[in-house]
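Protein chains in written order, with my numbering: chain Z, 1 to 501; chain A, 1001 to 1501; chain R, 2001 to 2454; chain F, 3001 to 3454.
Heads up, the thing below is written out as structure tokens.
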């Protein structure tokens, strides 16, 4: 397709995609509006005028120019793009029509569901309590860091102003720490891709507020010295924070709580199959152990005399992260997912996703141009290849490989992450992709590498089968051409705005 | 895409797309099956084994290789491919969970809806009563012809064994008449494309059971002598039958009952916006006037002491056409459509669809290669162009034009129909396509004609932008290669079946 | 009315009229005689165009006038309540499928064609028959078309039908064959087993028999056991054989193909369709690998072919049988069929797979047998027939079934289909769990006690 | 467990292990210390994998534990019940959208990018502001991020906020600013009009003020009338201006762009989202055409660009602000946003169009005024404030609101949000018709009479 902008479809005449229901009886009672004149909008907003057919057709065409897990494998490392069972779409029946401020007696079903999920996520993480207030993973992280801060403040440890972050960490970790006012200290990895315990020992001191870690880390490697790490952090009253984005590969195998973590956030849109929605909405959980439960964001659902209430406010709570109670409609989807898997199925998620990652590695082990750090270590949820050698010899970079994969009908892996791996291709297959699809993906990757060696321009010119070819990022971001809305395009055409400055 | 057959996706191992719910408590009570051994299936059916993701992804990909009204204009003449408002998909809530043999007290909402629809369709057609038993238009026609037959038999007019059909009629008309055992007599059109009254007068005699007619006819022309036609048919006790497929262009303007028709069938999937579903399911109505109401298929809903009952059986009813009460789930969709339009909107359907047809004609009037019979007559729901001149001068046929339209992202018109027009392109725009889309369609058609004159091979080789190119119909139908199922492919490969003979 | 979301051109009327060269839309209707012009609004709908919000409210109001049953209905008679997987609903709500038309233009409709081909292929494997069409309206009309096929093939005039077939199908059959003047002759069933009385069958089959129809399991849910014999006898008499099947039962029992049946019919409703008050249903029609049969099939058939570049493709085949080409010589007048329901069947069967269909059939078998056993534990209650059954079964009660129905109605349960004063046909599937069945049985027991103590 | 529909490789374990070259899946976990291994099943779900049928039953059971209200709730506080058109639901249930990811690979995600660009563009027109991001979590967090933006721009430490803003937003704001040590100072409101007390505002704004926040209409539903003055004053003090808006109200009243506001925030919930017990919501964040502001924006932004063949295309822009590139120097940690809800907003606004949004806003205006009038007809009942309002309004009652709530509860009506013993905030939209409002009023009148006569 080549679908015009919705504004360009409109003929700016009396079309409308939906009729407004008007209660004439009310119009007969209230005849005029009494809004002060100076408040009135002078010019109607420049929205398009279209019939229902035109709107529906437009967005269906746009959807056809998109790619989701339902279209094909999306092996985006650290994103856990697993299949979202269709029955999940029934789940919002529980929540859809209810206002968050309704009488609690009207929403006992919703509250019971939240209550059960709180318990399940506590069990899964090995924590004592969870709050489902956080609408996404990074909001969970932010909450977690604020908890650490308030915890130290409550104990008069204001001097703790440094947050440790692994150099393989997701970008959200340092960003969250910074939002909470922490100075970020990176902890270097050793040549096995794991936290360097010696360096850690050196860095940790009285100023250390905590350590934000994922385990398995973003290389897919399990930090086997995790108990030592916990001991080191705890030795100066630091808090060990678990970034739950990578939980999928160890789900049911081991729990952050048992590893010594104090706070955990979960990304329900990753590990617990909430659809990613083209970037969101997701859903999250923030869980804590021991004393730290007192700092969780409120409210938490509790059961009082057989009735569920939104009344639990942890005594040192950091407050509320979201306006109401988090993305409850998506909690319902996770709830359904957990029902469908049950204890037996949940255990298999960790096993089967880890199996898939290592299977993919095995299928590619003879492709010498895709190198691995610590090649003899098993991976968990994901694997990171370095295409550095290929880039050096052929000029074909990780980005070029990504575009070539797209051209072959696959979505691309995460690239250039984590930053410690050059020309990184970060691949997370998840447990829901059938072996046959993994075989196809591995074969395609192999062929791309071979083609790169044989005729690199074929790869460098990809994609060609897509709606557009490679896009001009300079034009996209230059102050003279940057166009974040149609309004800018329009006003620029009319000469009403200038450079963005 | 190039999507494999679902059988080829299967690895024939223990995958399953859905878990069966098993009641263990029941299994504990009933331990064995007692089916006689000789009845047992020996070999499990060769169904594929797939996970939910694989099944969903497969069919989503297939859907993306399909084209519906939601994707673009489908100007199929006589098919009335109008937009199906999305709210219609809520309608089956009324019917979905109810079994047709439930106690009538359980389904008063459904029965009330059917009752209202019966009345509305009687009003729309100008008939006295409607039965919604018929699941589609042709089933309605068949019912109508059986009614005519039984009506004459009841009046001891068994000698009436000829059914008149216009030579412009839909193929279903003669087919239905033949299924009811009638001899079909074609009535030639005059050079204005209308029923030739003189010929009709000659043909009609005592053996004439009835005349099956559409008005407007398949050329989109209104039979202006309809009252004369009715008089002629009625003069020998013949029945005038209205094929409702073309009702859209005169909806709200005039009614078959007022024109002198005795029986009418409606295609709810055409005129009343039931989605076509890739060929079905549709829904239908069969309506009659005066004495003929006694022959309608049963049951009909009636209101007895404020309660709706499925109890009405017309005294000479032909019987039942469908196993239960027709496609009630789709009746609900039509119900919603009628609610949304109301009397004012319904009137505009006829006006706006007729306007669209004549607008399209006007936009193409300077394309001399697309000829019209009776060019000065206004069309109603549709228009038929003849590309005969183009075919003679360039070799580009109606079929080639159709393929070229497809290549430009439009669906093609109906072609080679009605048979009295050579190289016919039968176009029905409907009232739901915006003017802008009609403009684009007309311009593309114009360009195709120009290209045909300039460089005919460009058109003759189309389509090239589609999943496949033109298909080999000989291979498809030849006894040695015909492959109506995967089973045939498989058994042929295994040498177990031979030529189809 | 100056705007409506479904009528995009109301604001373009002037422009369009100008292009046409007339002043008024009325000018486009000048060929319609004044006497037949309506000149008033039609009395339809609710008097004005309703907004979508108002429509939604009307739908909810209609729904609320129905009774939401406490448990799914225990009534079948050929169409039964089943769980419809969300994936099925999801796929058939893809509007590339549901707003599309019969794929006359194959190049742009490959996905739809392939989906229909896969439906045909999945059913072919289930039935073990080679040729399946892309759907008929329902079982009843598929049966009628099968009989008309037989008549076209051998020109004989009598269709032999056991009394124990679905009476609703029989009604449809009677309607459809009246035009061609065919006669229906009925074969008795055995009062003990509920299955076909073979002696009566042998007595009635003769040289006028165009075809023999049998239903497996029959209307009473009982398995017919003498199918081989019936088929042999029919072949001997040169009559065709038509078999109606419950497709789910084929997870357990022999398919028609194994018996050498000529034409199989059935309903796909049990393969992923909701009840929908009896429609849309999904008529299945299949034949053996035999040109005589194939040539007489009604309806669309999709087949594999190649394109100009030798790529595999799909297209409608054998179209010369159809009404739009053959007109009065067509094999049927059918045009619109139940294509979307065929896709639902295809998705459902793909989800179930080879093992799933057996598991599901077993579960239904066990549950229906549990229900029969549970009912038989009530004093005076007995199964009417002594042969094995699947999904449906007939129970005889010591009191008038109306009394039982009344009692069930009080707690919003829909019991079986009343067949006579003291018998009713029950249907039990995977949507009825032990609790639901126990509640049914307990309520029936109460009803009987009520009558007996009153 | 040997099979599960969501775990396709259970039957391929052996093959896969063989390819890897290990004997057991356990071998892949040998790097996990024994001490931290779980070695038992997790106690989650219902003890076993449920079939889809059982899941559906659980969902229905949970739903049935909620109370189905007689009419939509009369409670708002920033998110209100509205009719969601089917077309909106239909589009966001397209799985190419809902199962996709943040469009990092633009070439294969043009449709998603364009849809998000259109969301940004439609909101830009509604607000008359040039730059809109592709969504924040909700209004509260969007406000918090706006304040953090202001702090990054001018390094000042106090955010000035009227007492009449949404208290839930204020709670979120307080949480979010504690890390950076910002302080919140509150401006009083006028007890007659419910709007900002200008004198108090002038008293409190100073050189430490990083930004002034105002909400229009405010929490009480009343229109703020002195916005120009507030903006002028803030500009004079070099403080930024942040305005929270109800996007539907902009069908009637002046958008933030016309006031020269720096940052606008709001919630898209009222543009086509169901209530969903408070989430997902849809945070709106927009700024003026000013590089200083744009550079500090949080979240994704989609822009137009060109491809190698000069075709128009869409891509994420200004990514150097984001966490995955800038890490601790990023403008925010946000990653997952509410993209699908942004698409819902885009579809909704496209359906409404220029005229529709005005019509809808008018309808809400009329209905909420009718409700207020109707309530004021009850003896002793009075609006708390005398300025004009939209959608929400505060009513003072002669009896404790708990008594009224109890009475409403008896007939399954959710009344307003209790603000104090004698006042409550009501919300009335296009889903509340005259009958519903009259029922509310009549029941409240009864409740008051009950108390007064008891």
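From the three backbone atoms N, C-alpha and C, an ideal C-beta is built for every residue, glycine too.
Model, not experiment: these values are computed from the prediction.
Residues of the stretch 2376-2394 of chain R in Cβ contact with chain A at a cutoff of 7 Å, in chain order, please.
Under the 7 Å Cβ criterion, the stretch 2376-2394 of chain R contributes 2388.
Through-space distance from residue 2421 (chain R) to residue 2400 (chain R), alpha-carbon basis:
In the third chain, counting from the first residue as 1, residue 2400 (chain R) sits at position 400. In the third chain, counting from the first residue as 1, residue 2421 (chain R) sits at position 421. A direct Cα-to-Cα measurement between residue 2400 (chain R) and residue 2421 (chain R) gives close to 5 Å.
Let me know if residue 214 (chain Z) comes out buried or exposed under the rule of 16 or more other beta-carbons within 10 Å of its beta-carbon.
Residue mapping note: residue 214 (chain Z) aligns to position 214 of the first chain, counting from 1. Around the beta carbon of residue 214 (chain Z), 16 or more other beta carbons sit within 10 angstroms, so the residue counts as buried.
Drop a sphere of 10 angstroms on the beta-carbon of residue 190 (chain Z), count the other beta-carbons inside from all chains shown, and report buried for 16 or more, exposed for fewer.
Locating residue 190 (chain Z) in the first chain gives position 190, counting from the first residue. By the Cβ-count criterion, residue 190 (chain Z) is exposed, with fewer than 16 other Cβ atoms from all chains shown falling within 10 Å of its own Cβ.
Please look up how many angstroms separate the CB atoms of residue 1425 (chain A) and residue 1401 (chain A), rounded, as I've assumed it's under 8 Å.
Position 425 of the second chain holds residue 1425 (chain A). Position 401 of the second chain holds residue 1401 (chain A). A Cβ-Cβ distance of about 6 Å is found for the pair residue 1425 (chain A) and residue 1401 (chain A), placing them in contact under the 8 Å criterion.
From this set, Z:466, Z:369, Z:103, which residue's C-alpha is nearest residue 446 (chain Z)'s C-alpha?
For the purposes of this step, residue 446 (chain Z) is taken as residue 446 along the first chain, with counting starting at 1. Out of Z:466, Z:369, Z:103, Z:369 has the C-alpha closest to the C-alpha of residue 446 (chain Z).
Taking a cut of 7 Å between CB atoms, which residues from the stretch 3075-3089 of chain F lie near chain A?
Closer than 7 Å at the C-beta level to chain A, one finds these residues of the stretch 3075-3089 of chain F: 3086, 3087.
Indicate whether residue 1314 (chain A) and residue 1295 (chain A) have their beta-carbon atoms separated by less than 8 Å.
Mapped onto the second chain, residue 1314 (chain A) falls at position 314. Mapped onto the second chain, residue 1295 (chain A) falls at position 295. It is a contact, given that the beta carbons lie within the stated cut-off.
With 8 Å as the threshold, decide whether the Cβ of residue 1013 (chain A) is near any Cβ in chain F.
Here residue 1013 (chain A) refers to the residue found at position 13 of the second chain. Yes - at least one Cβ of chain F is within 8 Å of the one on residue 1013 (chain A).
Can you pull the chain R neighbours of residue 3430 (chain F), defined as C-beta to C-beta under 8 Å?
Counting from 1 along the fourth chain, the entry for residue 3430 (chain F) is found at position 430. Under the 8 Å cutoff, chain R gives 2053.
Give the residues of chain R in contact with residue 53 (chain Z), contact being defined as C-beta atoms less than 8 Å apart.
On the first chain, residue 53 (chain Z) is found 53 positions in, with the first residue counted as 1. Residues of chain R with a Cβ closer than 8 Å to the Cβ of residue 53 (chain Z) are, in chain order, 2006, 2008.
Which one of A:1341, A:1145, A:1408 has the shortest CA to CA distance from residue 1182 (chain A)?
Here residue 1182 (chain A) refers to the residue found at position 182 of the second chain. Between residue 1182 (chain A) and the set A:1341, A:1145, A:1408, the nearest pair of CA atoms involves A:1145.
Go through its chain and collect everything with a Cβ distance to residue 2386 (chain R)'s Cβ below 7 Å, but skip five positions before and after it.
Here the question's residue 2386 (chain R) lines up with position 386 in the third chain. Excluding residues within five positions, the ones whose Cβ falls inside 7 Å are 2192, 2193.
So is residue 3062 (chain F) in contact with chain A if we call contact Cβ pairs under 8 Å?
Counting from one through the fourth chain, the residue named residue 3062 (chain F) turns up at place 62. Taking Cβ atoms only, chain A never reaches closer than 8 Å to residue 3062 (chain F), which makes this a no.
Report the residue from Z:378, Z:299, Z:60 whose alpha carbon sits nearest the alpha carbon of residue 132 (chain Z).
On the first chain, residue 132 (chain Z) is found 132 positions in, with the first residue counted as 1. In this structure, Z:299 is the residue among Z:378, Z:299, Z:60 with its C-alpha nearest to the C-alpha of residue 132 (chain Z).
At a Cβ cut of 9 Å, what residues of the stretch 3125-3136 of chain F count as close to chain Z, listed as they run along the chain?
Within the stretch 3125-3136 of chain F, those residues whose Cβ lies closer than 9 Å to any Cβ of chain Z are, in chain order, 3125, 3126, 3127, 3128, 3129, 3130, 3131, 3132, 3133, 3134, 3135.
Could you give the DSSP three-state label for residue 443 (chain Z): helix, strand or coil?
Your numbering for residue 443 (chain Z) matches position 443 in the first chain. DSSP places residue 443 (chain Z) in the helix class (H, G or I) of the three-state scheme.
Taking only three categories from DSSP, how would you classify residue 3405 (chain F)?
As a first step, residue 3405 (chain F) must be located in the fourth chain, where it is residue number 405. Secondary structure of residue 3405 (chain F) (DSSP, three-state): helix.
Please list, in chain order, the residues of the stretch 1021-1042 of chain A that have any C-beta partner in chain R closer than 8 Å.
Residues of the stretch 1021-1042 of chain A with a C-beta less than 8 Å from any C-beta of chain R: 1021, 1022, 1023, 1025, 1026, 1027, 1029, 1030, 1033, 1034, 1035, 1036, 1038, 1039, 1040, 1041, 1042, listed in chain order.
To which residues of the same chain is residue 352 (chain Z) closer than 7 Å at the C-beta, ignoring the five residues directly before and after it?
Translated into the one-based positions of the first chain, residue 352 (chain Z) becomes position 352. Beyond the five residues adjoining it in sequence on each side, residue 352 (chain Z) comes within less than 7 Å, by CB distance, of 431 in the same chain, given in chain order.
Assuming residue 204 (chain Z) and residue 236 (chain Z) form a contact by the criterion Cβ under 8 Å, report the distance between their Cβ atoms to the nearest whole angstrom.
By 1-based counting over the first chain, the position of residue 204 (chain Z) is 204. By 1-based counting over the first chain, the position of residue 236 (chain Z) is 236. For a cut-off of 8 Å, the C-beta gap from residue 204 (chain Z) to residue 236 (chain Z) is around 6 Å, short enough to register as a contact.
Residue 2102 (chain R) and residue 2327 (chain R) - do their beta-carbons sit closer together than 8 Å?
Within the third chain, residue 2327 (chain R) is the residue found at index 327, counting from 1. Within the third chain, residue 2102 (chain R) is the residue found at index 102, counting from 1. No, the Cβ-Cβ distance between residue 2327 (chain R) and residue 2102 (chain R) is not below 8 Å.
Can the beta-carbon of residue 3115 (chain F) be found closer than 8 Å to that of residue 489 (chain Z)?
For this step, residue 3115 (chain F) is matched to residue 115 along the fourth chain. For this step, residue 489 (chain Z) is matched to residue 489 along the first chain. Contact: no.
State the DSSP-derived secondary structure class of residue 1367 (chain A), mapped to helix, strand or coil.
The sequence position of residue 1367 (chain A) within the second chain is 367, counting from 1. Coil at residue 1367 (chain A), not helix or strand.
My guess is that residue 2172 (chain R) and residue 2216 (chain R) are in contact by the Cβ rule of under 8 Å, so how many angstroms apart are they, rounded?
For the purposes of this step, residue 2172 (chain R) is taken as the residue at position 172 of the third chain. For the purposes of this step, residue 2216 (chain R) is taken as the residue at position 216 of the third chain. Under the criterion of beta carbons closer than 8 Å, residue 2172 (chain R) and residue 2216 (chain R) do not qualify as touching, at roughly 19 Å.
By a C-beta neighbour count over all protein chains shown, 10 Å radius and 16 as the cutoff for buried, is residue 3138 (chain F) buried or exposed?
For this step, residue 3138 (chain F) is matched to residue 138 along the fourth chain. By the 10 Å Cβ count, residue 3138 (chain F) comes out buried.
Taking residue 60 (chain Z) as the query, report the chain A residues whose CB atoms sit under 8 Å from its CB, ordered along the chain.
Residue mapping note: residue 60 (chain Z) aligns to position 60 of the first chain, counting from 1. The answer, in chain order, is 1070, 1071.
Listing by chain order, which chain A residues have their CB less than 8 Å from the CB of residue 419 (chain Z)?
Along the first chain, read from residue 1 onward, the residue named residue 419 (chain Z) stands at position 419. Within chain A, no residue has its beta carbon less than 8 Å from that of residue 419 (chain Z); the closest one is some 32 Å off.
Per DSSP, what kind of secondary structure is residue 3084 (chain F) in: helix, strand or coil?
Start at 1 with the first residue of the fourth chain, and residue 3084 (chain F) comes out as number 84. Here residue 3084 (chain F) sits in coil by DSSP.
Just to confirm, are residue 1413 (chain A) and residue 1077 (chain A) a CB contact at a threshold of 8 Å?
Within the second chain, the letter at position 413 stands for residue 1413 (chain A). Within the second chain, the letter at position 77 stands for residue 1077 (chain A). Against a cut-off of 8 Å, the Cβ pair of residue 1077 (chain A) and residue 1413 (chain A) comes out as a contact.
8 Å Cβ cut-off: residues of chain F touching residue 435 (chain Z)
In the first chain, counting from the first residue as 1, residue 435 (chain Z) sits at position 435. Neighbourhood of residue 435 (chain Z) in chain F, by CB distance below 8 Å: 3008, 3009, 3012, 3015, 3016, in chain order.
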